[in-house]
Amino acid sequence: MKRFVLLTALVASATSAMAAPETYVIDSSRTSSQFSYRYLGLSSQTNRFEKISGIVVFDRDSQSGSAEVSIDAASVNTGQALLDAQMKAADFFDAANYPVITFKSGKMSLNGEQSSLSGDLTIKGVTRPVTLAVTHFQCMQDPESRVETCGANATLTLRRSDFNMGKYAFLVGNDITLNLAFKAVKAQSYLQLASRDPAK
1 MKRFVLLTAL VASATSAMAA PETYVIDSSR TSSQFSYRYL GLSSQTNRFE KISGIVVFDR
61 DSQSGSAEVS IDAASVNTGQ ALLDAQMKAA DFFDAANYPV ITFKSGKMSL NGEQSSLSGD
121 LTIKGVTRPV TLAVTHFQCM QDPESRVETC GANATLTLRR SDFNMGKYAF LVGNDITLNL
181 AFKAVKAQSY LQLASRDPAK
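Structural data, given as structure tokens:
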């Protein structure tokens, strides 16, 4: 319920500040966030975060918008309990002291396969400007829920040493590729659904 109240306030703020564009809430049950890296310079390893939330503001007329995304650092999932603990520890995400990874965009430009999302990424208390490549952005009525929904894929390659996570470079590659596949539901419809299901 607390999350629902906070989400309502966030959506109300976004919609009042931007009357013409439409606000969509990320559906965490249909959104995935994965990151991959080279291990020992050999195989590519892929892990994921289990908890992600945020909003997308989209202006159809100008084909532009913005996004705010939050990822729970402690929700990292490698499939191995020991490695999960290492990822959450101080040498990597330090989830106890920096529990949330955030991305706040200043510009979303949609132009087919040349679409992009630029903004500030904050990991472990370090904020850097980044640009995500966006593909497959589309809005439509979800045939299952009958509510307006947008979805897309976004990709970013970053250097973990830029975010104070540069240890063990001989084991784990410095270049990290982040892949985000999201589904976002029109805000008013999402709030109606969430009011019926406090778990959302």
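Quick note on the numbering used here: the sequence shown kicks off at 1 and runs consecutively. Beta carbons: idealized from backbone N, C-alpha and C, even for Gly. What you are looking at is a predicted structure, and each value in this text was computed from that prediction instead of being measured.
Inter-residue spacing [alpha-carbon to alpha-carbon] between residue 201 and residue 122: In the structure displayed, the chain extends from 1 to 200; residue 201 sits before or after that span and is not available.
Per-residue burial, residue 105 [other beta carbons within 10 Å of its own, 16 or more giving buried]: Around the Cβ of residue 105, a 10 Å sphere holds 16 or more other Cβ atoms; the residue is buried.
If you compare alpha carbons, which of 158, 43, 138 and 143 is closest to residue 150? The candidate whose alpha carbon is nearest that of residue 150 is 138.
In chain order, what residues of the same chain lie with their CB nearer than 7 Å to the CB of residue 78, ignoring the 5 residues before and after it? When the five nearest sequence neighbours on each side are left out, the beta carbons in the same chain lying within less than 7 Å of the beta carbon of residue 78 are those of 47, 84 and 87, in order along the chain.
Does the stretch 161-176 come close enough to the stretch 17-33 to have 3 or more Cβ pairs within less than 8 Å? The answer is no - the stretch 17-33 does not touch the stretch 161-176, with fewer than three Cβ pairs under 8 Å.
Within the stretch 67-114, ranges of the beta strand (DSSP E) (whole runs, at least 3 residues): Taken in chain order, the whole beta strand (DSSP E) runs of length 3 or more contained in the stretch 67-114 are 100-109.
I need the boundaries of the beta strand (DSSP E) containing residue 183, first residue and last residue. That run of the beta strand (DSSP E) goes 175-186.
Could you check if residue 108 is buried or exposed, using at least 16 other CB atoms within 10 Å of its CB as the buried criterion? Residue 108 should be labelled buried.
Distance between residue 73 and residue 110 (C-alpha atoms, nearest Å): Answer to the nearest angstrom: the Cα atoms are 29 Å apart.
Work out the CA separation of residue 24 and residue 8 for me, nearest whole Å. With a pLDDT of only 47 at residue 8, under the threshold of 50, the placement of this residue in the model should not be trusted, and no figure is reported.
Take the Cβ of residue 186 as the centre, count every other Cβ of all protein chains shown within 10 Å, and call the residue buried at 16 or more, exposed below. It is buried - the Cβ of residue 186 has at least 16 other Cβ atoms within 10 Å.
Minimum C-alpha distance to residue 50 - residue among 67, 100 and 42: The shortest Cα separation from residue 50 among 67, 100 and 42 belongs to 100.
What residue from 70, 26 and 81 has the CA that sits closest to residue 58's CA? If we check each option's Cα against that of residue 58, 26 comes out closest.
Secondary structure of residue 146, DSSP reduced to three states: The answer is coil: DSSP assigns residue 146 none of H, G, I, E or B.
Exposed or buried, what is residue 182 when buried is set at 16 or more other beta-carbons lying within 10 Å of its beta-carbon? Result: buried.
For residue 172, tell me which candidate among 42, 33, 64 and 146 has the shortest Cα-Cα distance. Residue 42 is the option with its Cα nearest to residue 172.
Which listed residue (144, 134 and 113) has its alpha carbon closest to that of residue 66: Among 144, 134 and 113, the Cα nearest to that of residue 66 is on 134.
Taking C-beta to C-beta, are residue 102 and residue 70 nearer than 8 Å? Yes.
Compare the Cα-Cα distances from residue 94 to each of 158, 124 and 129 and report the closest residue. Ranked by how close their Cα comes to the Cα of residue 94, the residues 158, 124 and 129 have 124 in first place.
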